[in-house]
Structures are given as structure tokens and as C-alpha cells.
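Report on the structure given below.
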Amino acid sequence: MTHSPFETARARWALALVGALLWAGAAPVQAETDGLWWYTDQRVDHALSVGATGSGVRVAVIDDTLSPDLNMFSDATISIHEPSFCNRIDGSPIPATERTLSPGSHHGTNIVAMLVGNGKGVDGRVAPKGVAQRTDLWFYSANCAYYYSQDTHAYSRDPVAHAIVQAVDDGARIVLISVAPVLPDPVVRESVAYALREGVIIITRHADQQSNLDWLSGLNGVLTVQGTGPDGQVPAPGTTGIWPSRGKITVTAPGAHLLLQGDRSEHSWLPTTIGHGTSYAAALVAGMLASVASQHPEATNAQLIHSLIENTRTEGREPGYSPADGYGQASLPNMVRVNPTQYPDVNPLIVPDDGLEPGLTAEDIADAPRPAWAGPAPTSIPTAPPTPSHTATSVPEPVEPDGVPVWVIVGVLLLTVATAVVVVVALRATRDELTRSSR
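Residue numbers (the numbering used here): 823 to 1261.
If you want it as C-alpha cells, here you go:
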């Protein structure tokens, strides 16, 4: 069957229109995947394929609140300590689970997504992916650095300290803290010392606000993470909210231009946005350590830390430690190639004295008791938290309050029109061919 040049051109134009519209319809998804540059860069799929999945490794996240019913958690097992470690002004407990989007739930939920997200959004949309998707994740809500206590009639910073001790008692190997108190707090110091004495890895983020001195990140033995962009460098000041290093940095990790679930400006979980923060960088490092721990279950936590700092990316920098970026950028591909049991079973981050006031010495850590204010010690490590746990299931995410986005409606209408044009052109060409054949 042949067509005239005009008919062929018309058919090609119609097909081109459909192709353009299909591309336009996919463009928002493509834009979303740009925030997953770190997932490809760190070769997470390869790590998962060789058994570095985080399976069997208990990671505690101490953050704000969590919305656990999003589709990106449909393959994850998440245990939530309920209620949170915070109280309202009337003394009533605040839930750790928050289904609606708020600044707190947005932060806590996306931190968890960096660890165990599966990348599955709604209606084929892309969602954040995690670096250690089979991690045994336990969540503790304690973001009330200054809350009013009915017992003492004063503002207290105890919740973070209580959450740390609870996480250690619950058997966490890694404790990620992204809502740490800024000012020196004796009870937090005591809880960190206890955790380090137990061999637990404590991870926090470098302060991502210029005025935030972030006392916890400088404590002896604490693993502190700075954020970088796709170029591997710390973003220029004022461009992302990530600021140059001013204190102790252990390593850097991706923390800028990341895919996040939910749009705070729209108060909706359905869209995705691009965001930045050293908290996300710290979460990725926690996931890397959990991944390698599952690949080499015989390795100790101290050996895992050695592997982290010995196998960083060093391209373009001198080997060794630098105040600007610590030991370099954390590298999951480098870590999965190395058996960490070759390293000493001594935490390399614990030095004789951290120089802070009040700080922690190596002796403080070695002699640290379980804090008496935390109550009686448990007799065994629980397999489930003492308060309700949650295993995420695949449920529909909340619908945007304003209905279906306009671009979706317009795209569908234009695609329908373009498809009709192609059908008409094809039918007319077939009819003309049949007419010519009948002559």
C-alpha cells in the first residue's frame, strides 16, 4: 500500500504529535527521577544484588513524626515506638505516627524513605528509593528539643536522650539522630556514652543552618555526615541550606538535589519535590553501613566504621582527613568490594578527648553506665516494640485536595485528540488504497 507525499507527511506529523505528547506526559516523571542521581551514582542496585540489603540489621531513626502508610513503604517493615517521647502542653503524649503532611512528618518520613523506600509512587509515579531496603527499621519520635514538662514545670531536652537509650535497649546496631539538641545537654551526653559503650554506631548530621553550632555532632565517637551535591562537592553557601563545615566531619554523602515525597507548600503527600539537607546525607550513610553489615554479618560495628572511612572516594583530594570533608565522600560501591573483618575491632572515632565542654573522653565512654533516669533495664532484646508496631502495606496515598492536576487533564485530552488524528489518517489512507485497488 502506498500513500501520496501529502498523506505520508500528514501521518508523520500526527505520529510526531502523539510522540511529543507522550514525552510531555512523561516529563514530570523524568524530572522526578533527576533527584535519584545518588541512587545510580552509589550503584545501589548492584549492592542489593550482592546481598548488601540491610536484611537483619536493626536501625533506629530518631526524628520527628512518620507517615508509614505511603506506597513507597509497601515492601518495608517499620516498627514505630508509640507514643512519641514528647508531650503536649497539657502533658498528654503526642503520637509518633502522623498521616497528614506537616513539616515534622515530611522530614521524618523522607529520612525513613532514604533507608527503606522502594521507589513506588501512585499511578506509576516515581517515589524516593532507599539504600538499604530490607533494613529492620525502628522509628522513635523525639523532636521536641524544648518542650514543657508538667513534672518539672520547665523546658526540657530529655526526649532525645530517652529515645537513644530505648533504641539501644531495643537492640539497634545503628542509631540515626537528625533532630539532636543544639545546646550541651548532660542527659544526652550520658545516653550517647552508654550507646557507644555498647558498641552502637551513633550517626548525626552536620548542622545545615549557618547559626546552628550543633553540639552533638562534635561529641567523641559520633559519626557526623556533611552533604554534597551531584558533583561531589559541598554546595556553595546559601544555595541549598547546606553550609561549609565548621566542626567535626567524618564523611560526606549525597545531600543536595534529592527526590523527596510530598509537597509542603501544597500540604499533600502525592507530589514529589527536590530537596536538600544533611539529615538525608546522614540517613544514606546509615543505610550504607546497614547494607554492608547484612553482607558481612560477622563484622563488628567498629569494623564497619573503619570500612566506611577507609573506602571513601578520594578522587581530586589528598588521602587522609580534612576538616572540610572528613575522610571524603562515602562510597557504597567501594565498601561492598571489601570484607570489613580485615579492620581492627576498635572504634576509630573515639579519641582520648573530644575537646568539648562538657564533652566525652574515651574513659567516659568505657565506664558509661546505663543511665539511671531511663528506668529499669529490659531483661531481653524485644522482637517487637513494647508499644504498637506497624508493617507498612500497599495502600492508596491521599488524593491531592484540589483533585487531578490540570496538566494531567490537558495531557489526556490532547493525547486523545492526537490519537484520533492518527486513526483518521490511517483509515483515510486505507480507504483510498481500497478505492485504487477496486479500479
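Virtual Cβ for every residue (Gly too), placed ideally from N, Cα, C.
Keep in mind the model is a prediction, meaning the values are calculated, not measured.
The beta-bridge partner set that DSSP reports for K951 consists of N940.
Secondary structure of G1109 (DSSP, three-state): helix. Contiguous alpha helix (DSSP H) elements confined to the segment 1134-1187 occur at 1154-1158, taking only those with 4 or more residues.
The segment 1040-1068 is shown to contain whole beta strand (DSSP E) runs of 3 or more residues at 1045-1050, in chain order. One Cα belongs to D891, the other to R921, and the distance between them is close to 8 angstroms. For V997, the pairing in a beta bridge is given by DSSP as A882 and I1024. Contact between V1044 and T1050 is absent: CB atoms are separated by about 20 angstroms, not below the 8 angstroms threshold. H868 sits exposed, since fewer than 16 C-beta atoms from the chains shown fall within 10 Å of its C-beta. Within the DSSP bridge table, the entry for G1097 names L1080 as partners. About 11 angstroms separates the CB atoms of V1022 and I999; that is not less than 8 angstroms, and the two are not in contact.
Non-local C-beta neighbours of V1009 in its own chain, meaning closer than 6 angstroms and more than five positions away in sequence, comprise D980 and A983, ordered along the chain. Under the three-state reduction of DSSP output, S906 falls in the coil class, being neither helix nor strand. The count of Cβ pairs closer than 8 angstroms, one atom from the segment 1151-1164 and one from the segment 1102-1120, reaches three, so the stretches are in contact.
In the displayed model, A1104 falls within a helix according to three-state DSSP. In this structure, T1074 is the residue among T1095, T1074 and D1085 with its C-alpha nearest to the C-alpha of Q864.
Using a Cβ distance threshold of 8 angstroms, G857 and I1096 count as a contacting pair. A residue is called buried when at least 16 other Cβ atoms come within 10 angstroms of its Cβ; S1202 does not meet this threshold and is exposed. The beta carbons of V934 and F961 sit closer together than 8 angstroms.
DSSP lists Q1048 and Q1151 as the beta-bridge partner residues of T1074.
Inter-residue distance for I986 and G946 is about 38 angstroms (C-alpha atoms, whole angstroms). Straight across, the Cα-Cα distance linking P1170 with I1127 is about 7 angstroms.
With fewer than 16 neighbouring CB atoms inside 10 Å of its own CB, A1199 falls in the exposed class. Per DSSP, reduced to three states, the secondary structure at W1037 is coil, with no helix or strand assignment. With a contact defined as Cβ atoms closer than 8 angstroms, A1103 and Q1048 qualify at about 7 angstroms.
The C-beta distance from V1114 to A882 rounds to 18 angstroms, too long to meet the 8 angstroms contact threshold. As a beta-bridge residue in DSSP terms, L888 pairs with T919.
Apart from sequence neighbours up to five positions away, the residues of its chain that approach A954 with a beta-carbon distance below 6 angstroms are G876, L937, G1109, A1112 and S1113, ordered along the chain.
Beta bridge pairing from DSSP links D1085 with S1090. Residues P1006, P1008 and R1011 of the same chain have their beta carbon placed closer than 8 angstroms to that of P1180, with the five preceding and five following residues left out of the count. Membership of P1191 in any alpha helix (DSSP H) is not indicated, and neither H nor E is assigned to it by DSSP.
DSSP, reduced to helix, strand and coil, places S1129 within a helical segment of the structure shown. Listed as beta-bridge partners of S877 by DSSP are T957.
The shortest C-alpha to C-alpha distance from D958 to any of H929, I900, T919 and N965 is the one to I900.
When Cβ pairs closer than 8 angstroms are counted between the two stretches, the segment 1072-1090 is seen to touch the segment 1136-1151, the count reaching three or more. Ranked by Cα distance from E904, the options R1192, S896 and A918 are led by A918.
Between the alpha carbons of T887 and H929 lies a gap of roughly 8 angstroms.
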